[in-house]
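Colleague: Let me give you the structure first, and then I'll get to my questions.
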Amino acid sequence: MVNSYANTKYLGEIMDSLSSKYEDKNRDHVVKILLLGLCTIVIAIFALGQGSSVNLDMLTTAKILLQIEEGSEIQRLILWEYRVPRVVFAIIAGIGLAVAGALMQGALGNPLVSPLTLGVASGAALGAAFAIFLDLTFVSELLAVLWSVVTEIIPAIPVISFVGSDLVLNAFFFALFVVYIIIKLGSVRGVTAESYILVGIAITFIAGAIVQTMVYFATAEELSQLTHWSFGSLARVDSREVWLIGGVVIFLVPKALEWSWDLNSLSIGGDEFAISTGVDPVDTRKKILVLSSLLTALIISFTGMIGFVGLAAPHMSRLIIGNDYRKLIPCSAIFGALLMLIADTIGRTIIAPVVLPVGLMLSVVGGPLFIYLLLTNRGGH
Amino acid sequence: MSEIMKVEDLKFSWGDNLVIDSVDFVLRENEIVSILGKNGAGKSTLLKCLNKILEPDQGKIMIHGEDIREIGLIATSKKMSYVPQSITSNFSMDVFDVILLGRRPYINWSVGELDRKIVSKTIEKMRLTDFAFRRFDRLSGGERQRVIIAKAVAQEPNIFLFDEPTSDLDLKNQIEVMKELRKIVSEENGKAALIAIHDINVASRFSDRIILLHEGKIISNGKPSDVLTPENIELVFEVTSRQVVDEDGILRIFINDEITKD
């Protein structure tokens with residue numbers, strides 16, 4: 021290839037120019053991620069002020085939150101007791117599901133993958149269905165028995181109740197069972213990315229068939245409960261649960277960041293390419309899928325079916341900053357939080373006092389935006 | 002020339018099908034060795050066994066006297082760099098970032114100045130400056146192949162393992178890539194290359210030695226003129242041929258249109 025550029029410049033100059041161009045690109049990406057983060061904070065403050073009963077402007081909301089202004093008792097109560105947990109949970113759930121989606125897409129080398137692909141959510145749905153239709157609540161009963169044994173042996177431990185309703189605990193237990201299947205699958209010799217996806221599809225079919233069988237015999241009230249769970253909602257958590265889930269998400273996401281280079285190699289070149297760069301694809305895929313499935317299980321058990329954010333947020337991020345997982349994971353996390361916040365705020369306010377489930381709003385609002393971005397950014401990343 | 006890699010009694014089979022059968026050879030410093038053989042002879046499988054993509058059933062692979070089973074994947078990737086036949090990906094990065102993946106064995110998290118410099122130098126050396134910040138998936142097959150070769154160069158290994166590195170390249174790019182590889186292997190200390198290739202003339206022109214693989218076994222190993230004899234070519238490729246040395250002293254193999262077996 022004729023390379024006039026190389027002929028007219030010295031090697032040192034070209035090297036410096038390439039190196040600084042790479043640095044400039046990275047700096048530009050970091051600025052974009054920070055701006056998105058700032059945008060998320062602004063929208064979170066706006067969201068805190070909006071609702072069916074008390075509406076506050078952003079400045080007043082910020083002042084009450086920062087205790088610069090006292091506000092009325094009802095304003096403080098609504099803000100701290102209802103809206104802060106909900107908005108924080110929207111952010112946490114958005115972060116968790118978006119990061120899980122980005123990790124799964126990279127580890128499986130497949131852009132069509134979402135947190136629902138591996139069957140974890142179908143497992144959760146099966147657990148929820150058992151709790152609703154068969155009143156099967158052995159998980160919470162088992163935990164209660166275990167806890168009573170522990171407190172008997174060590175009486176100094178204060179009596180605390182378990183987080184989550186019977187339904188949530190059941191959903192989480194069954195989702196964990198699917199995570200266990202993923203762990204076992206990861207130890208099978210010769211397991212490929214396609215194996216995980218196919219097993220995930222099989223689990224989805226099996227769990228779906230069992231749920232449908234129960235639906236066939238269900239009462240109208242039971243059906244309504246399951247349908248409500250499947251919409252995807254942020255209303256099922258209290259503030260204690262929000263902090264607990266938040267703690268786990270904050271612990272797991274930085275762990276994922278440690279594997280960024282492995283994911284870069286695996287997602288760009290596949291297994292053989294990854295090995296040539298010193299990455300063990302089987303081991304890497306297994307640990308990443310286990311971590312992302314745990315994130316999904318934890319969040320979906322509380323929220324119900326929300327899959328779109330885990331599919332769309334990583335792709336929206338790729339359009340802006342490319343596929344470098346060191347930047348893609350934080351960018352997807354912020355996009356996930358942002359999408360979830362926007363969808364939930366619209367859902368809470370558009371026909372207030374009726375609150376539309378966030379899962380529906382995400383697809384209705386986020387879907388067209390996602391398609392628009394994909395169609396208009398063909399030249400970018 | 003000192004020995005870099007030694008392969009002893011290597012065997013690999015897919016189920017009952019023995020693909021690599023008791024292969025022994027040595028790779029020495031500053032040497033390019035090409036592996037020739039017809040489709041299914043075991044060329045790619047042999048390279049994959051050497052790079053730990055496949056686990057051999059039997060045998061020993063030593064690098065600088067050390068058994069590769071005893072060293073981890075990251076340490077192996079600092080010693081060997083493998084270039085697969087082709088790469089298809091559902092995601093994309095800039096060419097600079099793809100070549101940077103060659104520095105993966107040396108990077109923990111952030112990209113240091115040295116890594117950036119090595120990548121930039123490789124981009125210039127491999128004449129990819131105009132592509133450096135273009136998307137990898139938007140390049141042609143040949144351009145992509147050159148990027149993956151550049152990634153292997155940036156990895157700074159002792160041994161390059163290339164599987165059909167010129168298959169997607171046009172004639173000019175074939176010559177340029179092979180010349181650059183020749184230069185790296187000849188001029189830098191402690192380097193060698195093992196290349197699975199189909200083009201007999203590219204192999205004979207740029208290789209110090211040729212290994213002829215037939216049904217998983219090495220049937221000849223030596224200088225191109227000693228290995229690429231009409232008898233060996235007829236045995237392996239089932240075509241007749243003749244050797245000619247042109248006025249520049251370069252060995253040319255002419256394949257006749259005559260097929261010896263149906």
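Sequences listed follow chains A and L, in order.
In case it helps, the working numbering puts the first sequence at residues 21 to 401.
In case it helps, the working numbering puts the second sequence at residues 2 to 263.
For every residue, glycine included, the Cβ atom is placed at its ideal position computed from N, Cα and C.
Just so it is clear, the structure is predicted and the values come from calculations on it, not from any experiment.
Check whether the Cβ atoms of Met94 (chain L) and Leu51 (chain L) sit closer than 8 Å, and answer yes or no.
Modeller: Not in contact: Met94 (chain L) and Leu51 (chain L) (Cβ atoms no closer than 8 Å).
Colleague: Rounding to the nearest angstrom, what Cα-Cα distance links Gln86 (chain L) and Arg136 (chain L) in this structure?
Modeller: Going by the C-alpha atoms only, they are around 20 Å apart.
Colleague: Listing by chain order, which chain L residues have their CB less than 9 Å from the CB of Met124 (chain A)?
Modeller: The contacting residues do not exist; Met124 (chain A) stays about 13 Å from chain L at best.
Colleague: Report the residues of the stretch 18–51 of chain L with a CB closer than 7 Å to any CB of chain A, ordered along the chain.
Modeller: Answer in chain order: no residues at all.
Colleague: Once DSSP output is grouped into helix, strand and coil, what is the label at His215 (chain L)?
Modeller: Residue state, collapsed to three classes: strand.
Colleague: Please list, in chain order, the chain A residues whose beta carbon lies closer than 9 Å to that of Phe13 (chain L).
Modeller: The contacting residues do not exist; Phe13 (chain L) stays about 15 Å from chain A at best.
Colleague: Can you pull out the residues from the stretch 122–134 of chain L whose beta carbon lies closer than 7 Å to at least one beta carbon of chain A?
Modeller: Those would be Lys122, Ile124, Glu125, Arg128, Thr130, Asp131, Ala133, Phe134, in chain order.
Colleague: Would you verify that the beta carbon of Ile5 (chain L) is, or is not, closer than 8 Å to some beta carbon of chain A?
Modeller: No, Ile5 (chain L) lies away from the interface with chain A (no Cβ there is under 8 Å from its Cβ).
Colleague: Quick check on the DSSP output: the beta strand (DSSP E) that includes Asp164 (chain L) runs from which residue to which?
Modeller: Where Asp164 (chain L) is concerned, the enclosing beta strand (DSSP E) stretches over 160–164.
Colleague: For Asp164 (chain L) versus Ser45 (chain L), is the C-beta distance shorter than 8 Å?
Modeller: Contact: yes.
Colleague: Using a Cβ-Cβ cutoff of less than 7 Å, which residues in the same chain neighbour Ile115 (chain A) once the five nearest sequence positions on both sides are dropped?
Modeller: Closer than 7 Å at the Cβ level, and outside the excluded window around Ile115 (chain A), lie Val269, Val273, Ala353, Gly356, Ala357.
Colleague: Are Asn326 (chain A) and Gly386 (chain A) close, meaning C-beta to C-beta below 8 Å?
Modeller: In the sequence as presented, Asn is not what sits at residue 326 (chain A); that position holds Ile. No, these two residues do not count as a Cβ contact at 8 Å.
Colleague: Does Lys180 (chain L) have its Cβ less than 8 Å from a Cβ in chain A?
Modeller: Output row for Lys180 (chain L): interface = no.
Colleague: Please return the same chain residues whose Cβ sits closer than 8 Å to the Cβ of Ala222 (chain A), not counting the five positions on each side in sequence.
Modeller: Cβ within range, chain order: Gly139.
Colleague: What residues from chain L crowd round Lys41 (chain A), counting only those whose CB sits closer than 7 Å?
Modeller: Chain L residues near Lys41 (chain A): Phe134.
Colleague: In the structure shown, what three-state DSSP assignment does Ala194 (chain L) receive?
Modeller: If DSSP states are grouped into helix, strand and coil, Ala194 (chain L) belongs with the strands.
Colleague: On the premise that Ile75 (chain L) lies in contact with Ile100 (chain L), defined as a C-beta separation below 8 Å, what is that separation, rounded to the nearest angstrom?
Modeller: Their Cβ separation, rounded to whole angstroms, is 18 Å, which puts Ile100 (chain L) and Ile75 (chain L) out of contact at 8 Å.
Colleague: The beta strand (DSSP E) that contains Thr5 (chain A), what's its start and end?
Modeller: The requested residue 5 (chain A) is not part of the displayed model; chain A covers only 21 to 401.
Colleague: In chain order, which alpha helix (DSSP H) runs of at least 4 residues are fully inside the stretch 95–180 of chain L?
Modeller: Correct list: 96–101, 114–126, 142–155.
Colleague: With a threshold of 8 Å between beta-carbons, can Asp209 (chain L) be considered close to chain A, or not?
Modeller: Taking Cβ atoms only, chain A never reaches closer than 8 Å to Asp209 (chain L), which makes this a no.
Colleague: Quick one: what's got a C-beta closer than 6 Å to Tyr83 (chain L)'s C-beta in the same chain, skipping five residues either side?
Modeller: Taken in chain order, the residues that qualify are Asn52, Leu162.
Colleague: Tell me where the alpha helix (DSSP H) around Val302 (chain A) begins and ends.
Modeller: Segment 301–323, the alpha helix (DSSP H) holding Val302 (chain A).
Colleague: In chain order, what residues of the same chain lie with their CB nearer than 6 Å to the CB of Ser312 (chain A), ignoring the 5 residues before and after it?
Modeller: Correct list, in chain order: Ala120, Leu123, Met124.
Colleague: Do you know offhand how far Val179 (chain A)'s Cα is from Ile173 (chain A)'s?
Modeller: In this predicted model, Val179 (chain A) has a pLDDT of only 48, less than 50, meaning its place in the structure is not dependable enough to derive any value.
Colleague: Any C-beta of chain A sitting closer than 8 Å to the C-beta of Ser78 (chain L)?
Modeller: True, the Cβ-Cβ gap to chain A drops below 8 Å.
Colleague: What are the residues in the stretch 80–96 of chain L lying within 9 Å of chain A by C-beta distance?
Modeller: Result list: Met81, Ser82, Tyr83, Val84, Pro85, Ile88, Thr89, Ser90, Asn91, Phe92, Ser93, Met94, Asp95.
Colleague: Alpha carbon to alpha carbon, how far is Lys173 (chain L) from Asn202 (chain L)?
Modeller: So the alpha carbons of these two residues sit roughly 14 Å apart.
Colleague: Along the stretch 107–138 of chain A, where does the CB come closer than 7 Å to a CB of chain L? Name the residues.
Modeller: Those would be Gly129, Asn130, Pro131, in chain order.
Colleague: Give a yes or no on whether the C-beta atoms belonging to Val245 (chain L) and Arg253 (chain L) are separated by under 8 Å.
Modeller: Going by C-beta atoms, Val245 (chain L) is nearer than 8 Å to Arg253 (chain L).
Colleague: Given a cut-off of 8 Å on the beta-carbon distance, is the pair Ala317 (chain A) and Ala195 (chain A) in contact?
Modeller: Cβ distance < 8 Å, so Ala317 (chain A) and Ala195 (chain A) count as in contact.
Colleague: Contact between the stretch 144–159 of chain A and the stretch 189–203 of chain A: three or more CB pairs below 8 Å?
Modeller: Counting Cβ pairs under 8 Å, three or more are found: they touch.
Colleague: Determine, using beta carbons only, whether Ala151 (chain L) and Arg29 (chain L) come nearer to each other than 8 Å.
Modeller: Not a contact, by the Cβ cut-off of 8 Å.
Colleague: First and last residue of the beta strand (DSSP E) that includes Val24 (chain L)?
Modeller: Looking at the DSSP string, the run of the beta strand (DSSP E) that includes Val24 (chain L) is 18–29.
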